[in-house]
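*Asks:* Here the protein sequences line up with chains A and B, keeping their order.
With my numbering, letter number 11 in the first sequence gets 360, and the count goes up by one each step, no holes.
With my numbering, letter number 56 in the second sequence gets 64, and the count goes up by one each step, no holes.
Sharing a structure here in structure tokens format.
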Amino acid sequence: AQSVSQHNHHVILSEAASLELGCNYSYGGTVNLFWYVQYPGQHLQLLLKYFSGDPLVKGIKGFEAEFIKSKFSFNLRKPSVQWSDTAEYFCAVNANNQGGKLIFGQGTELSVKP
Amino acid sequence: NAGVTQTPKFQVLKTGQSMTLQCAQDMNHEYMSWYRQDPGMGLRLIHYSVGAGITDQGEVPNGYNVSRSTTEDFPLRLLSAAPSQTSVYFCASTETGAPGNTIYFGEGSWLTVV
Chain A
350 AQSVSQHNHH VILSEAASLE LGCNYSYGGT VNLFWYVQYP GQHLQLLLKY
400 FSGDPLVKGI KGFEAEFIKS KFSFNLRKPS VQWSDTAEYF CAVNANNQGG
450 KLIFGQGTEL SVKP
Chain B
9 NAGVTQTPKF QVLKTGQSMT LQCAQDMNHE YMSWYRQDPG MGLRLIHYSV
59 GAGITDQGEV PNGYNVSRST TEDFPLRLLS AAPSQTSVYF CASTETGAPG
109 NTIYFGEGSW LTVV
């Protein structure tokens, strides 16, 4: 069965610090990978996705993620965080052609101190 | 564009009551799904549908029913509410199961069962 693991449950950073959130998945076949963000009281918004091509994916708001197939990883990065990045971040995976069947990680809560 | 619309946004139920969470999308998407979000567990798939008249179970289907009589609507029914069903529910849709298609989420329905 597919599973997704996010290593950090709560990360606290100061503004301008660099961010890296870990995500590992387990699935032997071809997968599509996603990072979603959920601001307090709001629904999920897509930050970025990978399904083929360049393993370094750039998303909105200055976020990027790198797919490393050999490590089954899809870590999220941002060189300099802002207070407005305070939110919960979810990594998700679905197998190829599995449509809306996403498997989510547990989520990482990011708190950025001004 | 309305996107994915969920109603109600907030609901309090008594144990044993039944109710239906409504979900509608206006993007002519084939795939629709329901997730529940619980602290520390990310989002978990309840039921999904790959088209009108076709539904299937996800990871946590017990206590929930769905139907898909039209492309636009995918209601989630709680037959006899239990406190364990206190959660935030998200409906999602995507065009097809093809890789790379964006999955759109509704704004969520906060359900409390007392």
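Positions of the beta carbon are idealized from the N, C-alpha and C atoms, including for glycine.
1) Does Ser101 (chain B) have its Cβ less than 8 Å from a Cβ in chain A?
2) In whole angstroms, what separates the C-alpha of Ser433 (chain A) from that of Val386 (chain A)?
3) Hey, out of B:Thr104, B:Pro91, B:Thr110, B:Ser101, whose CA is closest to Leu22 (chain B)'s CA?
4) Is there a Cβ of chain B sitting closer than 8 Å to that of Leu465 (chain A), yes or no?
5) Nearest-angstrom Cα distance between Lys17 (chain B) and Ser117 (chain B)?
6) For Phe412 (chain A) and chain B, any beta-carbon pair shorter than 8 Å?
7) Helix, strand or coil for Gln93 (chain B)? Go by DSSP, reduced to three states.
8) Thinking C-beta only, is Thr102 (chain B) closer than 8 Å to Ser411 (chain A)?
9) Using beta carbons (cut-off 8 Å, strictly below), is Met27 (chain B) in contact with chain A?
10) Kindly indicate which residue of B:Pro69, B:Glu80, B:Ile62 has the alpha-carbon position closest to the one of Leu87 (chain B).
11) Put Asp81 (chain B) into one of helix, strand or coil per three-state DSSP.
12) Is DSSP giving Ile111 (chain B) helix, strand or coil here?
*Replies:* Based on what the coordinates show:
1) Interface criterion met: the Cβ of Ser101 (chain B) is under 8 Å from a Cβ in chain A.
2) Spanning the two alpha carbons is a distance of roughly 12 Å.
3) Checking the sequence, you will find Lys at residue 22 (chain B) rather than Leu. Per the Cα distances, B:Pro91.
4) Absent from the model: residue 465 (chain A). The displayed extent of chain A is 350 to 463, so no value can be given.
5) CA-to-CA, the gap between Lys17 (chain B) and Ser117 (chain B) works out to about 4 Å.
6) Judged by the 8 Å Cβ criterion, Phe412 (chain A) is not in contact with chain B.
7) Taken through DSSP and simplified to helix, strand or coil, Gln93 (chain B) comes out as helix.
8) A small fix is needed here, since residue 411 (chain A) is Gly in this sequence, not Ser. Contact check for Gly411 (chain A) against Thr102 (chain B) fails: the beta carbons are separated by 8 Å or more.
9) Not closer than 8 Å to any Cβ of chain A, the Cβ of Met27 (chain B) fails to qualify, so no.
10) Of the listed residues, the one whose Cα sits closest to Leu87 (chain B) is B:Pro69.
11) Note: Asp81 (chain B) maps to strand in three-state DSSP.
12) DSSP places Ile111 (chain B) in coil when its eight states are reduced to three.
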